[in-house]
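Chains A and B supply the protein sequences, listed in that same order. Just so you know, the working numbering puts 437 at position 433 of the first sequence, and the rest follows in order with no gaps. Just so you know, the working numbering puts 426 at position 422 of the second sequence, and the rest follows in order with no gaps. The beta-carbon is built from N, C-alpha and C at its ideal position, and this holds for glycine as well. Have a look at the structure below, then the notes.
2 protein chains.
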Amino acid sequence: MKRYETLASTLEAEIRSGTWSIGSRLPSVRHLRTQYGVGQSTVFRAYYLLEERGLISARERSGYFVAQGAFLSTLASSSSAPKEPEPAKIVSDLLFSVVEAARHPGIVPLGSGSPSPELFPLPRLAKSLARAARFLGPWSSVVDMPPGNEHLRRQIGLRYLGMGISQPIDEILVTNGAMEALNLCLMSVTKPGDIVAIESPCFYAALQAVERLGLRAIEIPVDPHTGLDLDVLANALERYPIRACWFMTNFHNPTGTTLTIEKKKTLVSLLTRHDVPLIEDDVFGELHFDTERPLPAKAFDTQGLVMHCTSLSKTLCPGYRIGWVTAGRYTDQVRKLKLMTSVATSIPVQAGIADYLQHGGFDKHLRKLRTSLRAQMASMEYAVAENLPPAVEYHKPAGGYFLWLKLPAQVNAMQLHLLALQRGVNVAPGSIFSSNDCYRNYVRVNCGHPWTSKIEGAVRTLGELLTRLADTGPSYAVFPSQKLSLKIDAEGCSSPVLER
Amino acid sequence: MKRYETLASTLEAEIRSGTWSIGSRLPSVRHLRTQYGVGQSTVFRAYYLLEERGLISARERSGYFVAQGAFLSTLASSSSAPKEPEPAKIVSDLLFSVVEAARHPGIVPLGSGSPSPELFPLPRLAKSLARAARFLGPWSSVVDMPPGNEHLRRQIGLRYLGMGISQPIDEILVTNGAMEALNLCLMSVTKPGDIVAIESPCFYAALQAVERLGLRAIEIPVDPHTGLDLDVLANALERYPIRACWFMTNFHNPTGTTLTIEKKKTLVSLLTRHDVPLIEDDVFGELHFDTERPLPAKAFDTQGLVMHCTSLSKTLCPGYRIGWVTAGRYTDQVRKLKLMTSVATSIPVQAGIADYLQHGGFDKHLRKLRTSLRAQMASMEYAVAENLPPAVEYHKPAGGYFLWLKLPAQVNAMQLHLLALQRGVNVAPGSIFSSNDCYRNYVRVNCGHPWTSKIEGAVRTLGELLTRLADTGPSYAVFPSQKLSLKIDAEGCSSPVLER
Numbered sequence: 005m006k007r008y009e010t011l012a013s014t015l016e017a018e019i020r021s022g023t024w025s026i027g028s029r030l031p032s033v034r035h036l037r038t039q040y041g042v043g044q045s046t047v048f049r050a051y052y053l054l055e056e057r058g059l060i061s062a063r064e065r066s067g068y069f070v071a072q073g074a075f076l077s078t079l080a081s082s083s084s085a086p087k088e089p090e091p092a093k094i095v096s097d098l099l100f101s102v103v104e105a106a107r108h109p110g111i112v113p114l115g116s117g118s119p120s121p122e123l124f125p126l127p128r129l130a131k132s133l134a135r136a137a138r139f140l141g142p143w144s145s146v147v148d149m150p151p152g153n154e155h156l157r158r159q160i161g162l163r164y165l166g167m168g169i170s171q172p173i174d175e176i177l178v179t180n181g182a183m184e185a186l187n188l189c190l191m192s193v194t195k196p197g198d199i200v201a202i203e204s205p206c207f208y209a210a211l212q213a214v215e216r217l218g219l220r221a222i223e224i225p226v227d228p229h230t231g232l233d234l235d236v237l238a239n240a241l242e243r244y245p246i247r248a249c250w251f252m253t254n255f256h257n258p259t260g261t262t263l264t265i266e267k268k269k270t271l272v273s274l275l276t277r278h279d280v281p282l283i284e285d286d287v288f289g290e291l292h293f294d295t296e297r298p299l300p301a302k303a304f305d306t307q308g309l310v311m312h313c314t315s316l317s318k319t320l321c322p323g324y325r326i327g328w329v330t331a332g333r334y335t336d337q338v339r340k341l342k343l344m345t346s347v348a349t350s351i352p353v354q355a356g357i358a359d360y361l362q363h364g365g366f367d368k369h370l371r372k373l374r375t376s377l378r379a380q381m382a383s384m385e386y387a388v389a390e391n392l393p394p395a396v397e398y399h400k401p402a403g404g405y406f407l408w409l410k411l412p413a414q415v416n417a418m419q420l421h422l423l424a425l426q427r428g429v430n431v432a433p434g435s436i437f438s439s440n441d442c443y444r445n446y447v448r449v450n451c452g453h454p455w456t457s458k459i460e461g462a463v464r465t466l467g468e469l470l471t472r473l474a475d476t477g478p479s480y481a482v483f484p485s486q487k488l489s490l491k492i493d494a495e496g497c498s499s500p501v502l503e504r
Numbered sequence: 005m006k007r008y009e010t011l012a013s014t015l016e017a018e019i020r021s022g023t024w025s026i027g028s029r030l031p032s033v034r035h036l037r038t039q040y041g042v043g044q045s046t047v048f049r050a051y052y053l054l055e056e057r058g059l060i061s062a063r064e065r066s067g068y069f070v071a072q073g074a075f076l077s078t079l080a081s082s083s084s085a086p087k088e089p090e091p092a093k094i095v096s097d098l099l100f101s102v103v104e105a106a107r108h109p110g111i112v113p114l115g116s117g118s119p120s121p122e123l124f125p126l127p128r129l130a131k132s133l134a135r136a137a138r139f140l141g142p143w144s145s146v147v148d149m150p151p152g153n154e155h156l157r158r159q160i161g162l163r164y165l166g167m168g169i170s171q172p173i174d175e176i177l178v179t180n181g182a183m184e185a186l187n188l189c190l191m192s193v194t195k196p197g198d199i200v201a202i203e204s205p206c207f208y209a210a211l212q213a214v215e216r217l218g219l220r221a222i223e224i225p226v227d228p229h230t231g232l233d234l235d236v237l238a239n240a241l242e243r244y245p246i247r248a249c250w251f252m253t254n255f256h257n258p259t260g261t262t263l264t265i266e267k268k269k270t271l272v273s274l275l276t277r278h279d280v281p282l283i284e285d286d287v288f289g290e291l292h293f294d295t296e297r298p299l300p301a302k303a304f305d306t307q308g309l310v311m312h313c314t315s316l317s318k319t320l321c322p323g324y325r326i327g328w329v330t331a332g333r334y335t336d337q338v339r340k341l342k343l344m345t346s347v348a349t350s351i352p353v354q355a356g357i358a359d360y361l362q363h364g365g366f367d368k369h370l371r372k373l374r375t376s377l378r379a380q381m382a383s384m385e386y387a388v389a390e391n392l393p394p395a396v397e398y399h400k401p402a403g404g405y406f407l408w409l410k411l412p413a414q415v416n417a418m419q420l421h422l423l424a425l426q427r428g429v430n431v432a433p434g435s436i437f438s439s440n441d442c443y444r445n446y447v448r449v450n451c452g453h454p455w456t457s458k459i460e461g462a463v464r465t466l467g468e469l470l471t472r473l474a475d476t477g478p479s480y481a482v483f484p485s486q487k488l489s490l491k492i493d494a495e496g497c498s499s500p501v502l503e504r
C-alpha cells in the first residue's frame, strides 16, 4: 500500500468511527503533514482518493469536509461493524428564533413556511362554517370523535378516489393539521432509542420530533434534481433496524423535488420487503403546476404500510387546523393516540370543512391557487436572476412555493439570514433543515406571496448582502430582538450565543 | 422478638421489596402455616400487626391484601433504601373498551366522562362562531398562533381576575382542550424514566400519559372526604426525585372531592419547598353547587410553579376543543412544544369563543348549568338510595357531576360493568382509575344527563345486578361487541382476554 493510500485508510477509519461527523471540516493539509510526517502531495492524493470514494468533498477556499451521506453510502464497502447513529441534536432555540422571525409583522416573509393567507377563500369558508355550526346536533360532540366527522371523511375519501386510490373511510383519521398527524404516526410506531430514516435536507419539524421523542435519525440525502437517494436508503435498511421512514414525496420541503412514479414504486416495494412503515408527508401534493396531481407513494401500497399525512393548511384554510392521515394497518393505534393526547379535532370546524368540500368549489379554488403560485414563482425566478450573483443555483420545482437556492460556497446563510433580518427581510437558512450543520450555503425562499415591489426590494437586498458576504467573508452578526449573537469563525462555522 | 413479630417483619420486608404489589392478595393462612411452620394464631397476629402498621387490609371473605398507599406511607419508618416505583402499566385495551362503550348510541351513558351535550347553548355558540369567522382577517392565521388569539386570552384573563387572580395574558396558552394542555405540561417538565406523582384514584388520562411517556408514577391516595393525602405526598417528595405532580384540586375525578383552601396552600408551599411543578387539572372548577367558585391551587402560587389547566369542554362547548394553560415559569417551553406538535388551536374557533365570552352570557349559562347538574345529582342520589343495596356508600360532592360509589366488598365492578353493558347501561368501573388494580368494588356514575325514566330504569338495572352479584359471587362475563372476555377468578381478580 502506498503512503497516500495508508493515509487515506487512516482518515477513512477515523471518519467511520465518528471522529468527524458529516459536514465537519477535516484537518488542514499543513496539520496532516505535521501529524503524519508526510509531504504535501501525499496529503492531497489521500484527499483526492477519499473524494473519489464519496467520503469527503471540497469547498472552495474552505478545505475538505466529510460529505453528506458519506457515512452511510460507504458502509456497504466497509468490513467493520457499522456505528449506530447518535441521537439527533439540533439547536432548538436557534430554530425557533428563525421560524418565529417569520411571524414578525413588517418583515418580508421569504423565510416563512406558508403561502400568503390572502390566497384563500376566507369569506366562502366562513359561510360553510356558519352553516355547519348552525345545524350541528348536540350529539356531534360524541359522534364526531376520532376518527372524525363522517361527512368530512367521505369528502376526503372522494378526493382519494379522484386520484384513483380507493381509500376506506374507516382508515381516515381527521387531525389538527398534518403536524399532529405526522407526530401521532411517528409516536405510534417508535419508542425512545429507535432509529428512523428522515431526509437531508428535511422539513425541520421532523428533526424536532426526532429530538423530542429521543429517537435516532439516519438522514437520507435528497438531491434537488432526482429526489431521495434510494440506494442509500436500501443500504441503511440493510444495516440498521429502522423502525419508520418520514419522507416528503411531492414538492419536497425545502428542495421542491418530486419523486417519479418509478421511484415511488421502488420506495414502497423496498419498505415492504423490510416491513418498515412510511410516514408520507404530502402537504404540497395539490400544488402542482402540471395538469396532473402527482400520486403519493400511498397509491402503490398494498400492505397498509404507508401512513399518508396531509392537510388543508397549505391549500385551503390555514389556521383552521384540519389535516388527516390514512394510516393503513396502524389506523387503530394512531386513533387511540389521538384520543389520549388531544381527544378530538374541533367538531364545528370538521363539519364546516365537510360542507365547503361538498359545496364550496374547492377544485376551482385550487386551480386559481396553482396559477397564482406558478406566477409568483416565475416572478421570483426572474428577480433572482436579476439581483442575485450568477453563482446562485437552484433546481426549478414543478409545484409548491419554495426555491432552494445554493449560494456561493463561501457565503454563510445564517449570517445572510441575520443581516437580512436587520434590513426587514426573512429567509430560511439551510442549516435549519439538517441536524448535521449541512447546507450552510443554502437558503429556502418562499414564493407563496403575491408579487409586490416590497418583495422585489427584498430580493434586491438579498443580492446586495450576498455580494458583500461573498467579498468580505465571515464576521460577527447580531440578532437584535432575540438577544442572540452568532459567532462566525474563520471557517464559516456559526456558533450561536444566546444572551440569557 | 416474638414469633409473630418475626413473621410480620419477614412479610413486611417482602412487601417493601415488591414481592407483592399494592392491591395484590397475600398468601392464605394455611399457606403461611406450612411455609413458616407456625401455628394459625401466629399468622393471624402477624397479619393484625401489619394491618395496624397500615401495610395490609382485610377484605371480607377474600383475605388480606397489600394496602393502597402502604408502600409509601410506611417508607418513613423503614431503614432500608426505598425501592423506586416501576414504570406504570395499565390494561390500555381494556380501558379503551370501557371508555368507548360510552360512545355507543342507545347505551345509557352513566359511565361517560362528559355531561350531556344537550346542556350547552349551541345555537348561541354558532352565532358567535359565524360572526367571528366572517370578520376573521387573513393574517389571523399567523397572528393567532400560540400563545393564541389575544381577544380570547383577554377574556380568559378577565375570568381569572373574577377569581381574584391577576394572570398576565402572556402566560395564557390556548390549547386543543385541557387534554392537550395537560399532556404538553407533562412532556415539558419530564423525560422518560422520570418519577411523577399522580392521584389514586385518578383521571385515567394521567395513567395513559405516564405509560405513553415512559414515566414512573407514585400514586398518592385521595380520600373522598378529605382529598389528597398531603402526608403521603410530603413523604414521597422527601424520598423520591419527583419531577412533577398532576392533581385535580376541585371536584376531583372520580371521587368528586375538593381540597380546602388550607390544603391547597399547604400543597403549594410543599411543592415550592421542593421546587416541584404542579400540573393542576381544574376542568370542573366552574361547576360548583355553592355560591363561590373554589379557587385553584394556582391562586396561591407565587413562584410560577403551578401550571393551571382547564377548558370549556365541560362548561360551555364540548367538541369545540378550547382549553388553556397558564404555565408560569414553564410558559415558553409549553408554547414551543405546542408549536412543534399541533402548531395552533383552530383560529376561527378561538375567535368565536372570544366573541361568545364577551357577548354570549357565559355566566348566566353557567348558573343554569350548575342548577341542572345539582338537580340531576340529587335525582341520582335519590335513585341510588331507592334501588341500590344499602351497603353502597359515597361521599356527596359539592360540585361536578360524578358520584363515586363504593359497592359491597365482594362485588367486582368490572363484572358489573360488563353485565350492565349487556343490558344497555354503561358505568365506569373503579379499576380504570388506578394502575394498581385498586377500586375493584367502586364505580363512577355520571349525573351529567337530564333526568329521564330511562336513566331511572338504568339505576334499577344496576340495583338488580348488584343484588345478584353480591349473592352469587364471581363468574364469567362476556363483552359482546368488543370480543373481550373477562375471566373472574375465585378471588375476584379480573383477567381480560382479548380475542383477536
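Contact check for residue 217 of chain B against residue 251 of chain B fails: the beta carbons are separated by 8 Å or more.
Of all residues in the segment 165–181 of chain A, the ones placed with a Cβ closer than 7 Å to any Cβ belonging to chain B are 180 and 181, in chain order. Proximity of chain B to residue 372 of chain A at the Cβ level (cut-off 8 Å) is not reached, the minimal Cβ distance being about 15 Å. Taken in chain order, the unbroken stretches of alpha helix (DSSP H) that lie wholly in the segment 93–165 of chain B and span 4 residues or more are 96–105, 126–138 and 144–147. Beta-bridge partners assigned by DSSP to residue 382 of chain B: none are found. Per the coordinates, the alpha-carbon of residue 149 of chain B lies some 46 Å from the alpha-carbon of residue 55 of chain A. Sixteen is the threshold: when 16 or more other Cβ atoms of the shown chains lie within 10 Å of the Cβ of residue 131 of chain A, as they do, the residue is buried. Taking one beta carbon from each stretch, the segment 234–250 of chain B and the segment 382–401 of chain B have fewer than 3 pairs nearer than 8 Å; the two do not touch. One thing to note: residue 213 of chain A has its Cβ within 8 Å of the Cβ of residue 190 of chain A. DSSP places residue 429 of chain B in the strand class (E or B) of the three-state scheme. By the neighbour-count criterion, in which a residue is buried when 16 or more other Cβ atoms sit within 10 angstroms of its Cβ, residue 127 of chain A is exposed. In the three-state scheme derived from DSSP, where H, G and I count as helix and E and B as strand, residue 421 of chain B is classed as helix. Within chain B, the residues 121, 322 and 323 have their CB atoms less than 7 Å from the CB of residue 145 of chain A, given in chain order. Put simply, the CB of residue 319 of chain B is far from chain A, with every gap to its CB atoms at 8 Å or more. A contact between stretches requires three or more CB pairs, one per stretch, nearer than 8 Å, and the segment 159–171 of chain B fails this requirement with the segment 332–352 of chain A. Within the segment 201–228 of chain A, the residues whose Cβ lies closer than 8 Å to any Cβ of chain B are, in chain order, 209, 212, 213, 216 and 218. In chain order, 180, 345, 346 and 347 make up the part of chain B whose C-beta sits under 9 Å from the C-beta of residue 184 of chain A. Within the same chain, and ignoring the five residues on either side of residue 31 of chain A in sequence, no residue has its Cβ closer than 6 Å to its Cβ. The Cβ neighbour count for residue 43 of chain A, taken over all protein chains shown within 10 Å, is under 16; the residue is labelled exposed. When DSSP states are grouped into helix, strand and coil, residue 415 of chain A belongs to the coil group. Bounds of the beta strand (DSSP E) holding residue 315 of chain A are 310–315.
Not flagged as an interface residue toward chain B: residue 293 of chain A, since no C-beta distance is shorter than 8 Å. In the three-state DSSP reduction, residue 356 of chain A falls in the helix class (H, G or I). Residues of the same chain with their beta carbon placed closer than 8 Å to that of residue 394 of chain B are lacking, with the five preceding and five following residues left out of the count.
Interface with chain B (8 Å Cβ-Cβ cutoff): residue 150 of chain A is excluded.
In the DSSP assignment, the residues bridged to residue 226 of chain A are A/232.
For residue 162 of chain B, the number of other beta carbons within 10 angstroms of its own is below 16, and it is reported as exposed. Under the 10 Å beta carbon count, residue 359 of chain A is surrounded by 16 or more other beta carbons and is classified as buried.
Rounded to whole angstroms, residue 432 of chain A and residue 257 of chain A show a C-alpha spacing of 12 Å. DSSP places residue 325 of chain A outside both helix and strand once states are collapsed to three, so it counts as coil. Secondary structure at residue 440 of chain B: coil, using DSSP grouped into helix, strand and coil.
At a cut-off of 8 Å between C-beta atoms, residue 251 of chain A does not count as an interface residue with respect to chain B. Among the bridge pairs identified by DSSP, residue 450 of chain A is matched with A/406.
Only those residues of the segment 99–114 of chain B whose C-beta falls short of 7 Å from the nearest C-beta of chain A are listed: 100 and 107. When the beta-carbon positions are compared, residue 388 of chain B and residue 463 of chain B come within less than 8 Å of each other.
Closer than 8 Å to the CB of residue 137 of chain A there is at least one CB belonging to chain B.
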